[in-house]
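Heads up: the structure comes next, in structure tokens.
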Amino acid sequence: MGGALFIATAIAYAVATALFTGALTRGTAGLKRAARWVLIAAVALHGIYLGLDSLDDGTPPMGRVHETLTGLSLGVTLAFLLASARREGMAVLGAFITPVALFFFLGSGLGRSVEHVSDEVRSMLAPIHIGANVLGLVAFALAFGAAVAYVIQERQLRKKTLSGLFQRLPALDVLDRFGLRAVSVGFPLLTVGIVTGAFWAFRIHPGAPVVSTAQAFALIAWLLFAGVLLLRLAAGWRGRRAAIGTIVGFLCTAVVLVGYVFRSTGGAS
Amino acid sequence: MSELLVVGVSHHTAPLELREKLAVNGDALTELIEEVRREAFAESVVLSTCNRVELYGAADDPAAAAARARALLDGRAGRPLDDELYTHRGRDAVRHTFRVTSSLDSMVVGEPQILGQVKQAFETAQDLGTVGMVLGRCFQRALAVAKRVRSETRIAEGTVSVSSIASELALKIFGDLYGRNVVLLGAGEMGEAAAKALSSSGARLRVVNRSVEKAERIVTECGGEAVSVENLAAELVGADVVITSTSSPKYVLTWELMREVVRARRHRPLFVIDIAVPRDVDPRVGELENVYCYDVDDLQQVAEQNLALRRKEAAAAERIVEIEVAEFEAWRRSLDLTPTIVGLRSRFTEVVRGELERTLPRLGELSAAERQTLDKMAQAIVNKLLHRPLSALKKSNGEPEGAELIATARRLFELDESLRSGSEGEEPARASVALTPKKS
């Protein structure tokens, strides 16, 4: 049952991605409406899948890496649906954000092989660490979608190829401000996630002197987002550079997650 | 007989660089109009906009006049202009004039600025006294046709004018124009229209101009604030949109100036619309971070995307133009016939009266009644002699051979020669123009 639901949810996400891409490139209003409904269906399937999985396992849905990833995927989708419901023009960002949700969801399928988190590793900090990271990543995923759209839109404006894509993507300033808000929300959450993660790791392995690859990427992502925010607020940085910084920062956080999934042993580090 | 001619380049045939080279305004425009009248055409109007530089005229020998006009533009371009240069004659020239004025030949079909530009070009030539009856009538009809096209079709509807394209692009950069600062540099008509469109969306307009009077006039019409040109750099730092439309032959917004401005702006995006020809903005400015620079040719690219939407209405407008061209041609043909009829009557009457005056002294004293009878007889002879030839001329008017018949009659009875005898050495076109007061 769980496997069928997983496949159905993944297909729904994939179809929504294709429909959003079609709506962006062709500009058909029907495609956009269809994409939204398919994504809502994907969310429903995803919710059922997550609920059944938790009931089967008897543990909270954030206890393991694959659950974290699937929660993250659902969070990104829900946040996007809420954001695009408030601003109709932002719906086309689904072409960039839905693939992220699909990526995390498929990752959660691979992550099922990861072992249970041991009781030793469980801590009061775990929900704070995982929750902050997930919410931070949801915000960064939205910022990533806006940043990709910004880079494309800015390139079209600069190259003066004002095609239908140009007409359908939101204005540069709208994308820039949306990206800034999302990064401003995501950054403190990521900070909490990293600090609690480091504290937690130190408590479990007090003698471990070496920073893992995942931790290094998490730090790089944090530094990138810190840099983007600092330059935005202090030096008035905006536009393409800020968008590229956001994209690279988000990709670093994605690498951290990939690192988790492919680790041979479970647990956070 | 004068034939209408148009020789020129437009955005259809010539790149911006060439149009920049040929474009004239102010004193240079006045000089060119007079030069065209002196060197090429009997009548002349020069239309110089950012999208076209065209010499309109009328001449008795259109082939030779067209060659002289082409040579004149070749000289200004500094090289022979082959494919870039076009020539329209007669009916085609009338059609072209009507199409241009009706905005059917514009970069953005249906844009309203061209009507004002044609009117201005016509009035300038009228003030210089280079417009005769044929060209004058053609431009008067062209302006009327343009108004008819605008009122009877929906060609002016929709957002495809240069100013609305500028607004659309500004919206794609800023999202909302409310409270944004728009700096208008120069007082060109298209720039003014673009600024007006942006300020109507809630933007704050700042008008920078060397002439305070012009700046004040624009502010009175469009709102906003007039600013001294000395504060240009500061205005650029505070601007969100800059529209340049000056007649400066050099770059006004140089790369060096804009580099400093961009530094001071702290990465805020800036949209620069350069409507001037020659360009006001160094093309390298568009390479600066967060600066988006669009010139006239860039706007054409956008316009082309919207052209399809206007094609349907343009087809209806073309039909109106064709009807008006036919009416104008009918008028012009009647113009050719009327002076010929008047000339023939005058020539015959002159001969009969001359002979009568020589004969009368030999007849002794004649009473007033007898003189009147002789006079009537002389007039009757003239009428009878001319009846068949004039009927043939009138009948052939409007037919393909009509013009040839009129030309033959004029040559046989030396109607043009008699006019020219009083102005020895003057070119034929000028002699033909001299006919007009006689006719009236």
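These protein sequence lines map, in sequence, to chains A and B.
When you read off a place in the first sequence, starting at 1, and then add 15, the result is the number in our numbering.
When you read off a place in the second sequence, starting at 1, and then add 18, the result is the number in our numbering.
Glycine residues also receive a C-beta, built at the ideal position from the N, C-alpha and C atoms.
Assign residue i to one of three DSSP states: helix, strand, or coil.
i	result
A/SER88	helix
B/TYR196	coil
B/GLU243	strand
B/ALA83	helix
B/ILE338	helix
B/PHE59	coil
B/ALA333	helix
B/ARG470	One cannot answer for residue 470 of chain B here, as it falls past the ends of chain B, which runs 19 to 458.
B/ASP292	strand
B/CYS311	strand
B/SER28	strand
B/ARG350	helix
A/THR24	helix
B/VAL260	strand
B/LEU73	strand
A/THR206	helix
A/HIS61	helix
B/LEU223	strand
B/GLU432	coil
B/LEU306	coil
B/SER218	coil
B/SER385	coil
B/LEU437	Residue placement at B/LEU437 is poorly supported in this model, since its pLDDT is 46, which falls under 50; the coordinates are not used for a value here.
B/VAL201	strand
B/VAL299	strand
A/SER99	helix
Mind checking whether residue i and residue j have CB atoms under 8 angstroms apart?
i	j	result
A/ALA154	A/GLY212	no
B/GLU234	B/ALA244	yes
B/THR262	B/LEU203	yes
B/VAL314	B/VAL290	no
B/ALA143	B/SER62	yes
B/VAL25	B/LEU91	yes
B/GLY241	B/LEU216	no
A/LEU20	A/ILE55	no
A/ALA23	A/PHE35	no
A/LEU93	A/LEU152	no
A/ALA25	A/PHE120	yes
B/ALA41	B/PRO296	yes
B/GLU210	B/ILE236	yes
B/LEU50	B/THR119	no
B/LEU467	B/TYR74	Past the edges of chain B, shown from 19 to 458, lies residue 467 of chain B, and the structure says nothing about it.
B/HIS114	A/GLY254	no
B/LEU47	B/SER28	no
Can you tell me whether residue i is buried or exposed? The criterion is at least 16 other CB atoms within 10 Å of its CB, across all chains shown.
i	result
B/THR356	exposed
B/THR377	exposed
B/ASN227	buried
B/GLY391	Reading off the sequence, residue 391 of chain B comes out as Thr, not Gly. With fewer than 16 Cβ atoms within 10 Å of its Cβ, B/THR391 is classed as exposed.
B/LEU254	buried
B/GLN131	buried
B/LYS165	exposed
B/HIS106	buried
B/ARG389	exposed
A/GLU82	buried
B/MET395	exposed
B/ALA257	buried
B/GLU424	A small correction: the amino acid at residue 424 of chain B is Ile; Glu does not occupy that position in the sequence shown. Answer is buried; the Cβ neighbour count reaches 16.
B/GLU331	buried
A/ASN148	buried
Just to check, is the beta-carbon of residue i closer than 7 angstroms to a non-hydrogen atom of the ligand COA?
i	result
B/VAL54	With respect to the ligand COA, the structure offers nothing, as it holds no ligand at all.
If contact means a Cβ-Cβ distance below 9 angstroms, which residues of the segment 142–153 of chain B contact chain A?
none
Quick one: which residues of the segment 310–321 of chain B get their C-beta closer than 8 angstroms to a C-beta of chain A? List them in chain order.
TYR310, TYR312, ASP316, GLN319 and VAL320
Within 7 angstroms of chain A by C-beta, residues of the segment 187–204 of chain B in sequence order:
LEU189, LYS190, ILE191, PHE192 and GLY193
Cβ-based contacts, 8 angstroms cut-off: residues of the segment 279–311 of chain B near chain A
ARG284, HIS285, ARG286, PRO287, GLY304, GLU307, ASN308 and TYR310
For the segment 246–259 of chain A, list every residue whose C-beta sits within 8 angstroms of some C-beta in chain B, in sequence order.
ALA250, GLY251, TRP252, ARG253, GLY254, ARG255 and ARG256
Quick check on the DSSP output: what are the complete beta strand (DSSP E) runs of length 3 or more inside the segment 95–169 of chain B, in order along the chain?
104–107
Runs of alpha helix (DSSP H) wholly within the segment 162–207 of chain A (minimum 4 residues, chain order)
179–183
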